[in-house]
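See below for the structure under consideration.
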Amino acid sequence: MVTKVKSKIIKKNRLTELLDKLAKEYDLIGPVQDNVISFKQVKSGSEITLDFVNSVLSPKNAFFPQTETLFRFSGDGEGFKAEPEPETDKERVIFGIRACDARSLHLMDMVFGGQLEDSYYMRKRAKTILIGLACFNPAETCFCPTFGIDPTSPEGVDIVFTDVDDRYWVQALTEKGASLLDQLAEFFDEPLGDEAKLKDAKAAGLTKMKKLDVAGLPDKMEPLYNDAYWESIGMKCLGCGICTYLCPTCHCFDLVDEGRDEGGERFRSWDSCMFPDFTLMASGENPRPDQKARVQQRFFHKLKYFPDRYGEVACTGCGRCLKYCPVNINITKIIGDVMSGKTKNE
Amino acid sequence: MTISSEELQAKIKKLFEEGTIDHFIGYEAGSDSLHTTPCFLKNGEQVSRLVWNPLCPYNLSKYLLDFREGEGRTGILVKGCDARSVVELLKQNQITRDEVFIVGIPCTGQVDPDKLLEVTGASPAEITGIKDEGDAFSVTVKGKTQKIDKQKLLRDKCMVCRYPTPPLYDTLLGEAVDSLPWVTDDYALVKEQESLSSEEKAAHWNNEFSQCIRCYACRNICPVCICKECIFDKKMPRWVTKSTALPENMVYHLIRAFHVAGRCVDCGECERACPMNIPLRSLNKKVEKDVLDLFDYTSGVDVDQPAPLTTYQTSDLEEFL
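Here you go:
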């Protein structure tokens, strides 16, 4: 249970003003409507939209950018020099992060902050204050309760904003969050006392969300390694990168050196286990030669290898892969089939 | 009037029983009431899975490429647009005519789920039935059935569809439909683009391409993207990297648009698949219009008509030399 260290409210009509102030003092990142809604850095509060169920692209881009220069190199014919890509030390605030996406950062922290620390990711994490936004309008593709997530109470963030009536109930969950509230005290008032009740009433009105049974899922995956089931899914799968790129927990990347004789850069970019070249070796050998093998890998990584290694399933129930898959491959059906032993019928 | 799922199932069962087909690619129920999903049948016992309704946007012809090697004869369900890409696959010698059995279905429009949700204000679970009633769709929301004007719900590509009936088929289910009453100007979208200045066009497409995440869904779903090794996947030499910098994204989209010139049939699958809502059809439509103006050629209509960009004649104009 998280101890709430501070509780305040802000009138809704003062939110833009608050965000303007944040944008001035921090690098402010929030949900922005372009062709679709995604998390982007903004210059003013009015650029941020709060009219969304969830963004198409998760905020993982803010910590693990799709394309990120790691260092630049140059040579003069004699020697060779590598210089790290300069990064601003300015503190950042991400506003409007949902409970599922907050969980995904916790999952990625285990990868990038583990035994071999990824300094690029961890530096961004350390200098970022996360402001969560309680979700009362989940989509029918959402199934975050499966993983113990309460969409109305984001965890793993510094501050939570909860839309109640004419105001947001603002709760700091960490010291970092509390000190930001102190710093912005001019915008906040004391709670009126009915916020918890109002929130509970709203949460009670929530449509019943999908909650899958995942007890013992990694063990149920184990015997399916060579199952023909994956063929039925691989046959349908187009091998595009939508599921992996939109997934808030997928974190594989490629490293590329790009340059000429006089110099260049090494960058990393998202990569996808759905792509044939993901495992293609220089010899031409490809240990995952077909889409069946790739689909199997994706689900084994999420539902078996990751939990074996880190103790949690690499899914937050955000539903993006299911909602945006162009051929309607459905992870909730796959989990259901594995749990109920229905994979044999396919 | 369009046929029912039951009529489709009976027909396909018969095709299996007669030994006409060894596999069948069609549609089955998907994750919710607004989605079907492609399905692959191996025998006549499985036909009860098949559905046909106005929520079958998938162009299944791409899957024919996976059934190329001695797996018997594959039956495939095609709408008008899908059949046109089968024609293109035949023209490019990607599939063998004898190994494919084309089950054509006249299509009088596919529903765009996003438009449906907007028009009805309902959630997917509240919508329990969608039927094609010829001049309208009847939609059942929370148990109540209402008729909704087709033009409010159709996918954009269906608004300009000239080939509701497959131009090529082995058997046709239901009666052929010659034309759709709502189709007026195929190229309104393109003309709008053409009226812009170069600067305006650049600003528009720079903005669109900068949002691309290079998931390659548009390429992978495209029925005429048939290269075994795509130039964008090539490592030596490497023409583009996985970087999503604007120049890389632009090269990707422009090369793709040119590469499908004369073969794109406007099935609209690229635009439907794009998670970033990039209006890819307007790009491909422009190329389609240019091919029509330059070569008087419409793709996917006639298997015997020479393809404009892969046919050489000594009398060809070479004005640019």
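Protein chains in written order, with the numbering used here: chain A, 1 to 346; chain B, 1 to 321.
Cβ coordinates follow ideal geometry from the N, Cα and C atoms, glycine included.
Note that the structure is predicted; figures quoted are calculated from it, not measured.
Measuring straight from C-alpha to C-alpha, what distance separates residue i and residue j?
i: Pro223(B); j: Gly80(B); result: 14 Å
i: Glu87(A); j: Glu133(B); result: 60 Å
i: Phe64(A); j: His251(A); result: 8 Å
i: Gly193(A); j: Trp169(A); result: 10 Å
i: Pro154(A); j: Phe143(A); result: 15 Å
i: Gly72(B); j: Ala83(B); result: 20 Å
i: Cys273(A); j: Ala201(A); result: 43 Å
i: Glu85(A); j: Gly205(A); result: 49 Å
i: Ala188(B); j: Asp316(B); result: 31 Å
i: Asn137(A); j: Phe137(B); result: 28 Å
i: Cys387(B); j: Cys56(B); result: As shown, chain B starts at 1 and ends at 321. That puts residue 387(B) outside it, with no answer to give.
i: Trp270(A); j: Phe253(A); result: 4 Å
i: Thr152(A); j: Arg162(B); result: 49 Å
i: Ala102(A); j: Leu246(A); result: 15 Å
i: Leu168(B); j: Pro106(B); result: 11 Å
i: Asn93(B); j: Val177(B); result: 29 Å
i: Ser123(B); j: Asp163(A); result: 22 Å
i: Lys199(A); j: Cys135(A); result: 11 Å
i: Val5(A); j: Ala99(A); result: 19 Å
i: Thr409(B); j: Phe295(B); result: No information on residue 409(B) is available, as it lies outside the stretch 1 to 321 that chain B covers here.
i: Val338(A); j: Pro145(A); result: 19 Å
i: Ile335(A); j: Leu212(A); result: 8 Å
i: Asn330(A); j: Asp32(B); result: 10 Å
i: Asn220(B); j: Arg155(B); result: 20 Å
i: Asp261(A); j: Phe80(A); result: 11 Å
i: Ala203(A); j: Gly317(A); result: 18 Å
i: Gln110(B); j: Cys158(B); result: 7 Å
i: Pro289(A); j: Leu15(B); result: 33 Å
i: Gln46(B); j: Glu28(B); result: 11 Å
i: Thr279(A); j: Met108(A); result: 22 Å
i: Lys13(B); j: Ile102(B); result: 15 Å
i: Asp158(A); j: Arg309(A); result: 27 Å
i: Asn226(A); j: Asp277(A); result: 22 Å
On the premise that residue j lies in contact with residue i, defined as a C-beta separation below 8 Å, what is that separation, rounded to the nearest angstrom?
i: Asp257(A); j: Arg266(A); result: 5 Å
i: Ile48(A); j: Val42(A); result: 6 Å
i: Leu77(B); j: Gly26(B); result: 4 Å
i: Leu249(B); j: Ser210(B); result: Per the sequence shown, the amino acid found at residue 249(B) is Asn instead of Leu. Going by Cβ atoms, the distance from Asn249(B) to Ser210(B) rounds to 7 Å, so yes, they are a contact pair.
i: Asn349(A); j: Asn284(B); result: Because chain A in this structure spans residues 1 to 346, residue 349(A) falls outside the shown range and cannot be described.
i: Ile29(A); j: Ala82(A); result: About 29 Å; that fails the 8 Å criterion.
i: Gly174(B); j: Thr2(B); result: 6 Å
i: Ile344(B); j: Thr120(B); result: Since the first and last residues shown for chain B are 1 and 321, residue 344(B) lies out of range.
Go through its chain and collect everything with a Cβ distance to residue i's Cβ below 6 Å, but skip five positions before and after it.
i: Phe306(A); result: Ala314
i: Leu41(B); result: Phe24
i: Val295(A); result: Trp230, Ile233, Gly234 and Cys237
i: Tyr58(B); result: Pro38
i: Val190(B); result: Lys285, Lys286 and Lys289
Given residue i, which residues of its chain have a CB within under 8 Å of its CB, disregarding the five upstream and five downstream residues?
i: Cys274(B); result: Ala217, Cys218 and Leu280
i: Leu89(B); result: Ser61, Leu64, Leu65, Ile95, Pro223, Val224 and Ile226
i: His357(A); result: Within the shown structure, residues of chain A are numbered from 1 to 346, placing residue 357(A) beyond reach of any answer.
i: Thr244(B); result: Cys212, Ile213 and Arg214
i: Met1(A); result: Bear in mind that the predicted position of Met1(A) carries a pLDDT of just 43, short of 50, making it too unreliable to give a figure here.
i: Gln305(B); result: Tyr297
Can you find the residues in the same chain that come closer than 7 Å, C-beta to C-beta, to residue i, ignoring five residues on each side of it along the sequence?
i: Lys333(A); result: none
i: Gly30(B); result: Thr36 and Thr37
i: Gly241(A); result: Ser272, Met274 and Phe275
i: Phe188(A); result: Lys8, Ile9, Ile10, Val170 and Leu181
i: Lys91(B); result: Val303 and Ala307
i: Val330(B); result: Since the first residue of chain B shown is 1 and the last is 321, residue 330(B) is not available in this structure.
i: Glu288(B); result: Cys264 and Asp266
Report yes if the C-beta of residue i is less than 6 Å from at least one heavy atom of the ligand MN; otherwise report no.
i: Val240(B); result: Ligands are entirely absent from the displayed structure, and the ligand MN is therefore not among its contents.
Which bits of chain D does residue i rub up against, with CB to CB less than 7 Å?
i: Phe267(A); result: Judged by its chain identifiers, the structure shown contains no chain D, and its protein chains are A and B.
Q) Do the region 134-147 of chain B and the region 314-323 of chain A meet, that is, are 3 or more Cβ pairs less than 8 Å apart? A) no
Q. Which of the residues in the region 212-224 of chain B, read from start to end, lie with their CB under 9 Å from any CB of chain A?
A. Ile213, Arg214, Cys215, Tyr216, Ala217, Cys218, Arg219, Asn220 and Ile221
Q) Should the region 228-237 of chain A be called in touch with the region 197-207 of chain B, which here means at least 3 C-beta pairs below 8 Å? A) no
Q | Short-range partners of chain A found in the region 34-45 of chain B, where Cβ spacing is below 9 Å | A | His35, Thr36, Thr37, Pro38, Cys39 and Phe40
Q: Flag this pair as touching only if the region 207-222 of chain A and the region 65-84 of chain A have three or more C-beta atom pairs under 8 Å; answer yes or no.
A: no
Q: Return the residues of the region 234-259 of chain A that lie within a Cβ-Cβ distance of less than 7 Å from chain B, sorted by chain order.
A: Met235, Lys236, Leu238, Gly239, Cys240, Gly241, Ile242, Tyr245, Leu246, Asp254, Val256 and Glu258
Q: Identify each residue in the region 124-158 of chain A for which the Cβ-Cβ distance to at least one residue of chain B is less than 7 Å, and report them in chain order.
A: Glu140
Q.
So if I threshold CB-CB distances at 9 Å, which residues from the region 21-35 of chain B count as touching chain A?
A. Gly30, Ser31, Asp32 and His35
Q) In the region 270-287 of chain B, which residues sit with their C-beta less than 9 Å from some C-beta in chain A, listed in chain order? A) Arg272, Ala273, Cys274, Pro275, Met276, Asn277, Ile278 and Pro279
Q.
Counting only Cβ-Cβ distances shorter than 7 Å, please list the residues of the region 68-102 of chain B near chain A, keeping chain order.
A. none
Q: With 8 Å as the C-beta to C-beta threshold (strictly closer), list the residues of the region 314-334 of chain A near chain B in chain order.
A: Leu322, Tyr324, Pro326, Val327, Asn328, Ile329, Asn330, Thr332 and Lys333
Q: Would you list, in chain order, the members of the region 11-45 of chain A that have their beta-carbon closer than 7 Å to a beta-carbon of chain B?
A: Asp34, Asn35 and Val36
**Q.** Interfacial residues, the region 121-148 of chain B to chain A, with Cβ spacing under 7 Å
**A.** Ser123, Pro124 and Ala125
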